[in-house]
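Going down the list, the sequences are from chains A and B. Letter by letter, the first sequence follows residues 12 to 166 in my numbering. Letter by letter, the second sequence follows residues 140 to 354 in my numbering. Glycine included, every Cβ here is placed at the ideal spot set by N, Cα and C. Presented below is the structure to which this report refers.
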Amino acid sequence: MKTRSASILVALLAFLCLYSSAHAAATLEITHPWIREAPPSSRVLAAYLSINNPGDAAITINGISSPDFESAELHRTVINEGVASMQHVKQLDVPANGGVMLEPGGLHLMLFNPKRMLAAGDTVTLTIHVINGTCITVSAPVVRQVDDGHSQHHH
Amino acid sequence: MSTPEKQSKTARILIVLVLAVLATAAGIWSASIILDRRVNLEELEAIRFPVARQLPPFELVDHNNQVFNEDALRGRWSFLFFGYTHCPDVCPTTLSVLNSVAHRLQDLEADIRFVFVSVDPERDTPEVLARYVGYFNGDFIGVTGTEQQIAQFTRELGIMHMRVAAEENTSDYLVDHSASVLLIDPDGRYHAVFSPPLAAGKISDDFRKILEAYR
């Protein structure tokens with residue numbers, strides 16, 4: 012039941028996003044989105060994904076939203092001289108014919124105050140807003156991630 | 140010289156040569172074993188302090204509401220990580236890596252504990268910590284205290300933490316914090332530090348070398 016209404020919602024949002032982007036030259040491709048499963052009572056969760064821009068012009072992301080959370084922001088983890096801090100990224104340029112990776116230890120979506128308990132296997136809807144008024148909506152699975160740390164990239 | 144005498148002389152030379160080669164080989168082999176036994180601490184990625192500093196007395200509380208003080212750090216190795224439960228990226232990732240470290244070191248007979256110390260005692264009560272650390276590993280310990288107790292403990296260990304005001308919702312503030320993992324030895328001394336980027340393989344390998352050198 013939950014999956015079906017989520018699918019309908021994604022389809023609706025995707026339709027709305029596509030409709031508004033009818034005049035856009037190229038759109039961002041979002042792949043491998045995932046939400047890190049967090050301890051049951053967590054109020055903040057992280058989402059990661061890959062963004063590809065196949066077009067000839069840079070595309071600027073200027074917002075994130077999700078119907079499953081009260082608010083969402085794009086952040087970058089910065090570790091400077093051993094101290095970790097989070098920078099709120101208000102605008103992110105995705106270069107022409109290029110891409111950006113959101114992954115642990117780097118850029119990530121910060122999702123505040125989930126509207127329901129989320130566990131591995133659940134699905135979350137994420138919308139990436141572009142500065143020209145268009146948006147891209149994707150479904151992201153909640154995943155229990157095992158980290159060994161050996162494959163981390165650092166930007 | 141007659142042929143039989145020549146043959147026995149050649150045989151003697153051959154025997155001596157073979158014995159010489161065997162002796163040299165035996166010498167090299169036993170020397171390499173002796174050299175291997177000496178742990179090469181220069182290969183560590185962790186920083187192991189030349190003089191491990193004794194920690195002064197402190198008083199915190201664990202996720203079971205039990206006192207957590209300097210006695211808790213004696214008689215066992217402790218990996219300490221400082222973070223907060225409202226941290227979505229660095230802390231879950233690090234605790235997941237430390238869980239991998241715990242699994243990798245399972246074969247060791249050493250008593251090892253993993254401790255998550257909150258730098259956000261206002262929101263991280265023992266009850267909150269119990270739910271949080273238990274998710275990553277049932278044996279992990281969560282520790283909190285008053286602002287003052289946490290400030291004193293972090294200061295002693297050179298751990299930095301600072302609240303960062305959230306832009307809209309004031310209850311969603313973030314905390315900047317040191318992302319290193321600290322190693323306390325069974326004498327309760329600050330023994331080594333693992334700096335980010337943290338990898339379970341590196342941490343485990345380094346710990347085995349540190350343990351070997353400690354014995």
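Nearest candidate by alpha-carbon position, reference F220 of chain B, set B:F333, B:A352, B:F346: Against the second sequence, residue 220 of chain B aligns to sequence position 81. Cα-wise, what sits closest to F220 of chain B is B:F333.
4 or more residues per run - each alpha helix (DSSP H) lying fully within the stretch 261 to 294 of chain B: The stretch 261 to 294 of chain B contains these whole alpha helix (DSSP H) runs: 265 to 275.
Option in A:L39, A:M112, A:E92, A:R15 with minimal Cα separation from A69 of chain A: As a working note, residue 69 of chain A is residue 58 in the first sequence. Closest option to A69 of chain A, Cα to Cα, is A:L39.
S76 of chain A - partner residues in DSSP beta bridges: Numbered from its first residue, the first sequence carries residue 76 of chain A at position 65. For S76 of chain A, the pairing in a beta bridge is given by DSSP as A:T138.
Limits of the unbroken alpha helix (DSSP H) element including S319 of chain B: If you number the second sequence from 1, residue 319 of chain B lands on position 180. In this chain, S319 of chain B is not harboured by any alpha helix (DSSP H), its DSSP state being neither H nor E.
Which listed residue (B:E295, B:E198, B:D263, B:R252) has its alpha carbon closest to that of S52 of chain A: Within the first sequence, the letter at position 41 stands for residue 52 of chain A. Nearest option by C-alpha distance: B:D263.
Beta-carbon spacing of V135 of chain A, D67 of chain A below 9 Å: Your numbering for residue 135 of chain A matches position 124 in the first sequence. Your numbering for residue 67 of chain A matches position 56 in the first sequence. No.
From B:K145, B:R328, B:P325, B:A318, residue whose alpha carbon lies closest to that of P231 of chain B: Walking along the second sequence from the start, residue 231 of chain B turns up at place 92. Checking every option, the nearest Cα to that of P231 of chain B belongs to B:A318.
Environment of V149 of chain A [buried if 16+ CB atoms lie within 10 Å]: By 1-based counting over the first sequence, the position of residue 149 of chain A is 138. Of the other Cβ atoms in all chains shown, 16 or more fall within 10 Å of the Cβ of V149 of chain A; this residue is therefore buried.
Proximity below 9 Å, CB of A241 of chain B to CB of D278 of chain B: Here residue 241 of chain B is taken as the residue at index 102 of the second sequence, counted from 1. Here residue 278 of chain B is taken as the residue at index 139 of the second sequence, counted from 1. Yes, the Cβ-Cβ distance between A241 of chain B and D278 of chain B is below 9 Å.
Extent of the continuous alpha helix (DSSP H) run through F123 of chain A: Your numbering for residue 123 of chain A matches position 112 in the first sequence. Per DSSP, F123 of chain A is not a residue of any alpha helix (DSSP H); the beta strand (DSSP E) it occupies stretches across 118 to 125.
Nearest to I90 of chain A (by Cα), restricted to the options A:N143, A:G116, A:R47, A:V105: Along the first sequence, one-based indexing puts residue 90 of chain A at 79. For I90 of chain A, the nearest C-alpha among the options comes from A:G116.
Rounded C-alpha distance that separates R47 of chain A from E266 of chain B: Numbered from 1 along the first sequence, position 36 holds the residue referred to as residue 47 of chain A. Numbered from 1 along the second sequence, position 127 holds the residue referred to as residue 266 of chain B. For the pair R47 of chain A and E266 of chain B, the Cα-to-Cα distance works out to about 22 Å.
Neighbour flag for V167 of chain A against chain B, beta carbons, 9 Å: For residue 167 of chain A there is no data in the structure shown, the boundaries of chain A being 12 and 166.
Chain-ordered chain B contacts of A88 of chain A [CB-CB under 7 Å]: The count along the first sequence starts at 1 and reaches residue 88 of chain A at position 77. One detail in the question is off: residue 88 of chain A reads as Thr in this sequence, not Ala. Contact annotation for T88 of chain A against chain B: D228, V229 [CB-CB distance below 7 Å, chain order].
Burial state of E144 of chain B (16 or more Cβ within 10 Å): What you label residue 144 of chain B is simply residue 5 of the second sequence in a count that begins at 1. Classification of E144 of chain B: exposed, given that the 10 Å Cβ count is below 16.
Residue nearest to P336 of chain B in terms of C-alpha spacing, selected from B:N204, B:L237, B:I154, B:F197: Counting from 1 along the second sequence, the entry for residue 336 of chain B is found at position 197. Shortest Cα-Cα distance from P336 of chain B to any of B:N204, B:L237, B:I154, B:F197 involves B:L237.
Minimum Cβ-Cβ distance from L137 of chain A to chain B less than 9 Å: Walking along the first sequence from the start, residue 137 of chain A turns up at place 126. It does not; no Cβ of chain B falls within 9 Å.
Contact with chain B by G116 of chain A, beta-carbon distance below 9 Å: One-based indexing of the first sequence puts residue 116 of chain A at position 105. Chain B, which has a Cβ nearer than 9 Å to the Cβ of G116 of chain A, makes this yes.
Start-to-end residues for the beta strand (DSSP E) that takes in G222 of chain B: Against the second sequence, residue 222 of chain B aligns to sequence position 83. Looking at the DSSP string, the run of the beta strand (DSSP E) that includes G222 of chain B is 216 to 222.
First through last residue of the alpha helix (DSSP H) which encompasses R192 of chain B: Walking along the second sequence from the start, residue 192 of chain B turns up at place 53. Where R192 of chain B is concerned, there is no enclosing alpha helix (DSSP H), although the beta strand (DSSP E) it sits in stretches over 186 to 193.
Residues bridged to N64 of chain A (per DSSP): Locating residue 64 of chain A in the first sequence gives position 53, counting from the first residue. Residue pairing for N64 of chain A: DSSP places it in a beta bridge opposite A:G109.
Three-state secondary structure assigned by DSSP to T38 of chain A: Counting from one through the first sequence, the residue named residue 38 of chain A turns up at place 27. Per DSSP, reduced to three states, the secondary structure at T38 of chain A is coil, with no helix or strand assignment.
Chain-ordered chain B contacts of V157 of chain A [CB-CB under 9 Å]: Walking along the first sequence from the start, residue 157 of chain A turns up at place 146. Taking a Cβ-Cβ threshold of 9 Å, the residues of chain B close to V157 of chain A are S235, N238, S239, in chain order.
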